[in-house]
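Okay, structure first, notes after.
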Amino acid sequence: MNDGPTSGVATAPAGDSFCLFTLKQVSYQPASQPIKVSMKTLWSQRYALRTHRMQSSMVRELLKLIDRPGLISFAGGLPSPEVFPVEHFKEAAARVLSEHGAQALQYSATEGYPKLREMLARHMARYGIVVASENILVTQSSQQALDLIGKVFLNSGDRIAVERPTYLGALQAWNAYQAEYVGIAIDREGMKIEELETALRSGPKFLYALPNFQNPSGVTLSLRRRKRVVELADHYGVPIIEDDPYGQLRFSGEHLPPLAALDAGERRERAYSGNVIYISTFSKTLAPGLRLGWIVAPTEVLQRLVLAKQGTDLHTGTFVQMVAYEAARGGFLDQHVKRIRAVYRERRDAILDALRKYMPPGVSWTEPEGGLFIWAMLPDDFDSMTLLPDAIEHGVAFVPGAAFFDDGSGKNTMRLNFSYMPPDKIEEGIRRLAGVIARVSDNVLRLA
Ligand SMILES: Cc1ncc(COP(=O)(O)O)c(C=O)c1O
């Protein structure tokens, strides 16, 4: 049947047994009796109401710039590509394909690859969260976890208590479910307890908390406040969504128990049945390109999340789950996290040194004990957004802080990522950024 190419007919190469028939190439021929198609579709009138607040994240827009030659980017929350264990993944992928190839390429259970779920349950236990693998749902990374939580819990107009500032991607996920927010200011110990109590009293659907090296501020919720958060959330009957991508990336200070562990510990029940839904990810410890994360939740919630996920993507890729399991097992994850911590500690120190060395008076910043971010605060009359074009012009990028506030405040703040650039670039980038800020300060002073 492969007689060589024929005009308008697709043919398979010789010997290709897959092609049992030739395909007619479908090319449009004007019909002898033309059909009428003159109306222009007004798509904008058809979009669901929930799309009205969907906006591209400023961070994702900025990420498009990082390939500009010479640009030093403190903008994205990108892990350092130098620490990606590429060779290790090559071997893991080859092993999966040679030993379990057909299974890896097949559809699989929505809940996730059983061996990966079991490994995650053991991993969680080490952080004090004692769960069965049945309490774990593997997700397309933690961003999907946030979306599924929105899908399961949020009606239009529901209020969520969030830290101010909070993770932009969560606002993006929940804006699509037409959520409203009640903000809780943070200081160097995390959420301010008085504001937390006011927010909880107003009856939000849930509290969204980022206790470890918060994105964007780098702030960690102190142990004293963690206990109060758990107690108060319980007292007011408000569940907690604990988002913890950075907990393993501590460079200094003491490890602090997750809210989920404090809450479940107090309940002393055998099954995981507490007030906290915990989310984490392999994005910052293995690689974000895997798009692999997980949710820990009481069984009845997990069942709802599973249904929500079925409608979204049926399940997270079998192959990627099996490769991640193969790559992480046998202690590799822990060893690798140790290596990452050493690299990021050096970069955190480099950015703190550079900030101290170059920043003009009036600028302050957080000193995180882990994670990927530093939060810089400029004098009150600054708008960091207006600095950005100038900064990019001078070869340095950051994220203006207002993007992380549910109410658009925080204009004088900026988020600086320190994991992506090597230490020498970090120093040069902060020197450039400080120059931009100093020039604007001079202008402000001159105009005053
Ligand atoms: C607090 C927080 N949650 C969730 C995410 C989403 O991460 P991923 O979807 O890669 O797991 C991020 C990413 O930076 C984050 O900082």
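Heads up: take any position in the sequence shown, counting from 1, add 1349, and you land on the working numbering. Glycine included, C-beta positions come from ideal geometry on N, C-alpha and C.
* Cβ shell of S1356 (< 6 angstroms), same chain only, five flanking positions each side left out -> Within the sequence shown, numbered from 1, the residue matching residue 1356 stands at position 7. With a pLDDT of only 40 at S1356, under the threshold of 50, the placement of this residue in the model should not be trusted; the figure read from the coordinates follows. No residues qualify anywhere along the chain.
* Same chain, Cβ closer than 6 angstroms to T1459, five either side skipped, listed in chain order -> Within the sequence shown, residue 1459 is the residue found at index 110, counting from 1. The answer, listed in chain order, is V1655, K1658, Q1659 and H1664.
* To do: Whole angstroms is fine: what's the gap from I1700's alpha carbon to D1729's?
  => Sequence index remark: in the sequence shown, residue 1700 carries index 351 (1-based). Sequence index remark: in the sequence shown, residue 1729 carries index 380 (1-based). Cα to Cα, I1700 sits roughly 23 angstroms from D1729.
* **Chain-ordered residues, beta carbon under 5 angstroms from a heavy atom of ligand 1** => G1426, S1490, S1491, Q1492, Y1516, N1564, D1592, P1594, T1630, S1632, P1637 and G1642
* Inter-residue CB distance, A1751 and G1757 (contact presumed, cutoff 8 angstroms) -> The sequence position of residue 1751 within the sequence shown is 402, counting from 1. The sequence position of residue 1757 within the sequence shown is 408, counting from 1. The Cβ separation is near 6 angstroms, so the contact holds.
* **From M1468, L1736, G1450 and A1528, residue whose alpha carbon lies closest to that of G1642** => For the purposes of this step, residue 1642 is taken as the residue at position 293 of the sequence shown. Among M1468, L1736, G1450 and A1528, the Cα nearest to that of G1642 is on M1468.
* Asked: Since W1523 sits in a beta bridge, which residues does DSSP pair it with?
  -> In the sequence shown, residue 1523 corresponds to position 174, counting from 1. Paired residue(s): none; W1523 is not in a bridge.
* To do: Confirm, please, whether the CB-CB distance from M1403 to N1504 is below 8 angstroms.
  => In the sequence shown, counting from the first residue as 1, residue 1504 sits at position 155. In the sequence shown, counting from the first residue as 1, residue 1403 sits at position 54. No, these two residues do not count as a Cβ contact at 8 angstroms.
* At what residues does the beta strand (DSSP E) containing Y1530 begin and finish? -> Indexing the sequence shown from 1 puts residue 1530 at position 181. Element bounds for Y1530: E1529 to D1536.
* Buried or exposed (CB count within 10 angstroms, at least 16 for buried), T1648 -> What you label residue 1648 is simply residue 299 of the sequence shown in a count that begins at 1. With fewer than 16 other Cβ atoms within 10 Å, it is exposed.
* Asked: By the 10 Å Cβ neighbour count, where 16 or more other Cβ atoms means buried, how is M1763 classified, buried or exposed?
  -> For this step, residue 1763 is matched to residue 414 along the sequence shown. So M1763 ends up on the buried side.
* Asked: Using the rule of at least 16 other Cβ atoms within 10 Å of the residue's Cβ for burial, across every protein chain shown, is I1535 buried or exposed?
  -> Taking the first residue of the sequence shown as 1, we reach residue 1535 at position 186. Burial call: buried.
* To do: To the nearest angstrom, report how far apart A1610 and M1540 are at their CA atoms.
  => Along the sequence shown, one-based indexing puts residue 1610 at 261. Along the sequence shown, one-based indexing puts residue 1540 at 191. If you take the alpha carbons of A1610 and M1540, they lie about 18 angstroms apart.
* **Contiguous beta strand (DSSP E) assignments of at least 3 residues, all confined to the stretch 1439-1498** => 1485-1488
* To do: Determine the burial state of T1735: buried for a count of at least 16 other Cβ atoms within 10 Å of its Cβ, exposed for fewer.
  => Within the sequence shown, residue 1735 is the residue found at index 386, counting from 1. Looking at its Cβ environment, which holds fewer than 16 other Cβ atoms inside 10 Å, T1735 is exposed.
* To do: For D1739, name the three-state secondary structure that DSSP assigns.
  => Taking the first residue of the sequence shown as position 1, residue 1739 is located at position 390. Helix, per DSSP.
* Hey, out of A1646, L1497 and P1463, whose CA is closest to T1667's CA? -> For the purposes of this step, residue 1667 is taken as residue 318 along the sequence shown, with counting starting at 1. Answer by Cα proximity: P1463.
* Asked: What is the DSSP secondary structure of Y1396, counted as helix, strand or coil?
  -> As a position in the sequence shown, residue 1396 is number 47, starting the count at 1. Y1396 falls in the coil class under three-state DSSP.
* Should T1400 go down as buried or exposed, given a rule of 16 or more other Cβ atoms within 10 Å for buried? -> What you label residue 1400 is simply residue 51 of the sequence shown in a count that begins at 1. Its Cβ having fewer than 16 others within 10 Å, T1400 is exposed.
* **P1738 classed as buried or exposed, judged by whether at least 16 other C-beta atoms fall within 10 angstroms** => Counting from one through the sequence shown, the residue named residue 1738 turns up at place 389. P1738 comes out exposed.
* Asked: Using a beta-carbon distance below 8 angstroms, is Y1462 in contact with chain C?
  -> Here there is only one protein chain, and chain C is not present.
* **Beta-carbon gap between S1551 and P1594 smaller than 8 angstroms** => By one-based count along the sequence shown, residue 1551 stands at place 202. By one-based count along the sequence shown, residue 1594 stands at place 245. Taking 8 angstroms as the Cβ cut-off, S1551 and P1594 do not qualify as a contacting pair.
* Which residue spans inside the stretch 1724-1775 form an unbroken beta strand (DSSP E) run of at least 3? -> 1762-1766
* Own chain, CB closer than 7 angstroms to L1608, minus 5 neighbours either side, in chain order -> Position 259 of the sequence shown, counting from 1, holds the residue named residue 1608. Around L1608: A1558, P1560, R1575, V1578, V1579, I1589, E1591 and V1625.
* To do: In angstroms with no decimal places, state the Cα-to-Cα distance between E1742 and G1638.
  => Mapped onto the sequence shown, residue 1742 falls at position 393. Mapped onto the sequence shown, residue 1638 falls at position 289. Roughly 30 angstroms separates the two Cα atoms.
* Look at the Cβ atom of S1426, then the Cβ atom of N1761, and state whether they are nearer than 8 angstroms. => Reading the sequence shown from its first residue, position 77 is the one you call residue 1426. Reading the sequence shown from its first residue, position 412 is the one you call residue 1761. The question names Ser, yet the displayed sequence has Gly at residue 1426. Going by C-beta atoms, G1426 is not nearer than 8 angstroms to N1761.
* Count the other CB atoms within 10 Å of the CB of A1348; is the residue buried (16 or more) or exposed (fewer)? -> Here the chain has residues from 1350 to 1797 only, and residue 1348 is not among them.
* For M1388, does the count of other Cβ atoms within 10 angstroms reach 16, so buried, or fall short, so exposed? -> Walking along the sequence shown from the start, residue 1388 turns up at place 39. Under this definition M1388 is an exposed residue.
* To do: Could you tell me which of G1784, E1410, R1640 and R1690 sits nearest to P1710, measuring between CA atoms?
  => Within the sequence shown, numbered from 1, the residue matching residue 1710 stands at position 361. Comparing Cα positions, the closest option is G1784.
* **Neighbourhood of L1651 by C-beta, 7 angstroms cutoff - its chain only, sequence neighbours within 5 removed** => On the sequence shown, residue 1651 is found 302 positions in, with the first residue counted as 1. Around L1651: N1484 and L1486.
* Got a sec, what are the start and stop residues for the beta strand (DSSP E) L1556 sits in? -> Translated into the one-based positions of the sequence shown, residue 1556 becomes position 207. Run containing L1556: F1555 to A1558, per the beta strand (DSSP E) assignment.
* **E1695 versus A1548: straight-line alpha-carbon distance, rounded** => Counted from its first residue, the sequence shown places residue 1695 at position 346. Counted from its first residue, the sequence shown places residue 1548 at position 199. Between E1695 and A1548, the C-alpha separation is close to 38 angstroms.
* **Same chain only: Cβ atoms within 7 angstroms of Y1769, ignoring 5 sequence neighbours per side** => Position 420 of the sequence shown holds residue 1769. Cβ within range, chain order: S1422, G1425, L1427 and S1429.
* N-terminal and C-terminal residue of the alpha helix (DSSP H) that A1676 is part of -> As a first step, residue 1676 is located in the sequence shown; it is residue number 327 there, counting from the start. From DSSP, the alpha helix (DSSP H) with A1676 extends over T1667 to A1677.
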